[in-house]
Amino acid sequence: MRILLLALCGATLAHAQDSLPRRVFLGASAAPNPGAPGVLIRSVVPGSPAEQAGIRAGDIVTRLGSVDIIGVDQFVNTVRALHARSRVQVALVRGGQNAAVSLAPRERPEEIVQDFDILYTSVTADSSRRRVIVTRPRTAGRHPAILLVGGIGCFSFDAAGAPPGAYTQMLYHLTRRGFVTVRVEKSGVGDSAGASCATVDLDNEAAGYTAALHAMEQYAYVDPSRVFILGHSIGGIEAPMIAAHDTTIRGIVALSTVGIAWFEYELANLRRQLVLQGIAPDSVDRAMRVKERCMHALLVDRQTLDHVIASDSTCRPYVQYPAHYTYVQQVAGQNIAALWRAVHARVLVIYPTSDFITSEQEHRYLVDAINAMHPGQATFATVPGMDHYLAAEESMAASIKDTRAPDARPFSTAAFPIIDAWLDGIS
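Under this note's numbering, think of the first position of the sequence shown as 235, with each following residue one higher.
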């Protein structure tokens, strides 16, 4: 049984010559190695130090220099402590056999395109500096601007040294249409200082987005009366949290998001995914009973993750998230409708029809709820043939059966005309 849980993403303005240093660049994404020490290499960037060292997708890294690698958090912190132009030995397991390679990390490059500017700046949130990446049209004057609020997890928004991912391609498209775009790295991710992303909560993450929003409204090239938020996945929950404190927000795009209470959502999400995988009905019902019991202990009783698993080992696969458990507890504590009641901006809610991580029904419910509180404020749209990862997939079943990493799937531009037309209508 393959359980696919949700993979749902006082400013100080720094200027062009920002002093927040660039971190080293490895060029490999890591994931947990279930049931054993080390980290699983999910993907390797072509031409990166990792590829040049001979590291491959599917390798399990067990040691980096003098550090035995236990999990992803430790791996990330160990990489961050490396120095450019140094050399480090990497122990790994490939196909069940031990191997070793020599890795030479280098300083991370910056994103470069030919037809608009990309600026690396920073903001301060929760007493630590966060990397902010801005794309800016080269035309004179003030421009409308969009803040990206992404999905859950400790991935980087910085596409330097790698092929542009889904978020980057979407933001590049918007910049070519005349929009400034802003993305901010989470605590401890990429160049950002602060505690490891894997240890912080929802409030910490939202603080970074709020700081970036306040900073972008002060940029000389941004029209502060035409500021938007694009919230993808769990970013569609954070977007109204952020917008509620800023009455100047013109509009919010909520794409592939959650429109009902989190506890209710997780149960519906698991059942939908198990059915799509062809799991026998009696097995589905048994799984749902375990999921409800374990999730109640974690999210309602607010027990620690370690206590939940120690009390009932069958809970382990049902309470694993790509964020700290306190982050998810805070998400589960949100009244989704109340968040949107506090927002007076226009809203576009988009459901991609191949998204198996959310449902059209709850997106329509969200639109109805917003319009019940603020008549005419929300608009609903579907994007045929696009999945939760903004990739081209024929159906939910095709997407859930696709074994490729999300960033290896073909990016879909199908949402562009819908978002463009809506922005043009209100900006």
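Where is the CB? At the ideal position from N, CA and C, for every residue including glycine. Quantities reported herein were computed from a predicted structural model and do not represent experimental measurements.
Point to revise | Distance cut-off 7 angstroms: A642 Cβ against heavy atoms of the ligand MN | key: Among the components of this structure there are no ligands whatsoever, and the ligand MN is therefore not found.
Review point. Tell me which same chain residues have a C-beta within less than 7 angstroms of the C-beta of N438, skipping the five on either side of it?
Key: D360 and S421
Point to revise | Exposure label - R638; buried when at least 16 CB within 10 Å | key: exposed
Point to revise | Ordered list of beta strand (DSSP E) runs contained in the region 405-469, each at least 3 residues | key: 414-418 and 456-466
Check your understanding: Using the beta-carbon count (16 or more within 10 Å), is P644 buried or exposed?
Key -> exposed
Exercise for review: Would you mind working out which of H608, G428, A477 and V414 sits nearest D351, comparing C-alpha positions?
Suggested key: V414
Point to revise | Buried/exposed call for N332, threshold 16 Cβ in 10 Å | key: exposed
Check your understanding: Quick one: what does DSSP say P397 is sitting in, helix, strand or coil?
Key -> coil
Exercise for review: Measure from the alpha carbon of I476 to the alpha carbon of each residue in K525, V562, A454 and H578, then state which is nearest.
Suggested key: H578
Exercise for review: Return the chain-ordered list of same chain residues with a C-beta closer than 6 angstroms to the C-beta of L657, the five sequence neighbours on each side being excluded.
Suggested key: none
Check your understanding: R376: which of R256, G412 and Y406 sits nearest, CA to CA?
Key -> G412
Exercise for review: Verify whether the separation of the beta carbon atoms of E345 and V492 is less than 8 angstroms.
Suggested key: no
Practice item. May I have the straight-line CA-CA distance separating S545 from G385, to the nearest angstrom? Key: 30 angstroms
Check your understanding: What's the gap between the Cα of Q511 and the Cα of T592?
Key -> 15 angstroms
Review point. Quick one: what's got a C-beta closer than 7 angstroms to P283's C-beta in the same chain, skipping five residues either side?
Key: F259, L260, G261, L337, A338, P339 and R340
Review point. Can you pull the DSSP bridge partners for I275?
Key: A264
Review point. Where does D665 sit, in a helix, a strand or coil, going by DSSP?
Key: Lying outside 235 to 661, the shown extent of the chain, residue 665 is not represented and no answer is given.
Review point. Looking only at its own chain, which residues have a Cβ that is under 6 angstroms from the Cβ of L600, when we skip the five neighbours before and after it?
Key: G493 and V583
Point to revise | For A612, the nearest candidate out of S646, A642, W574 and L382 (CA to CA) | key: W574
Point to revise | Per-residue DSSP class, three states only, for A648 | key: coil
Review point. Do I486 and V553 have their C-beta atoms closer together than 8 angstroms?
Key: no
**Study point:** Buried versus exposed call for T482 [16 or more other C-beta atoms within 10 Å across all chains shown]
**Key:** exposed
Practice item. Tell me G485's beta-bridge partners as DSSP assigns them. Key: F462 and R580
Practice item. Could you work out which residue in T312, R550 and A649 is closest to A626 when comparing CA atoms only? Key: A649
Exercise for review: Identify which residue in N503, H466, I304 and A315 has its Cα closest to the Cα of L382.
Suggested key: H466
Exercise for review: Grab me the residues of A557's own chain with a C-beta within less than 6 angstroms of its C-beta, minus the 5 sequence neighbours each way, in chain order.
Suggested key: I386
**Study point:** Whole-angstrom distance between G399 and T587, CA atom to CA atom
**Key:** 20 angstroms
Exercise for review: Could you name the residues of the same chain whose beta carbon sits closer than 6 angstroms to that of Q537, not counting the 5 residues immediately before and after it, in chain order?
Suggested key: A531
Practice item. Pick helix, strand or coil for V335, following the three-state DSSP scheme. Key: strand
Review point. Got a sec? Which residues, its chain only, sit under 6 angstroms from W496 by beta carbon, not counting five neighbours each side?
Key: V565 and A566
Point to revise | Closest by C-alpha distance to A655, when choosing among L326, L408 and C549 | key: L408
Check your understanding: Can you tell me whether DSSP reads V492 as helix, strand or coil?
Key -> coil
Practice item. Take G299 as the anchor and find which of D307, G288 and V313 has the nearest alpha-carbon. Key: V313
Check your understanding: Could you give the residue range of the beta strand (DSSP E) that holds L381?
Key -> H377 to V383
Review point. When you compare only the Cα positions, how much space is there between G619 and E628?
Key: 5 angstroms
Practice item. Taking only beta-carbon positions, decide if V366 is within less than 8 angstroms of chain D. Key: In the displayed structure, chain D is absent; only one protein chain is listed.
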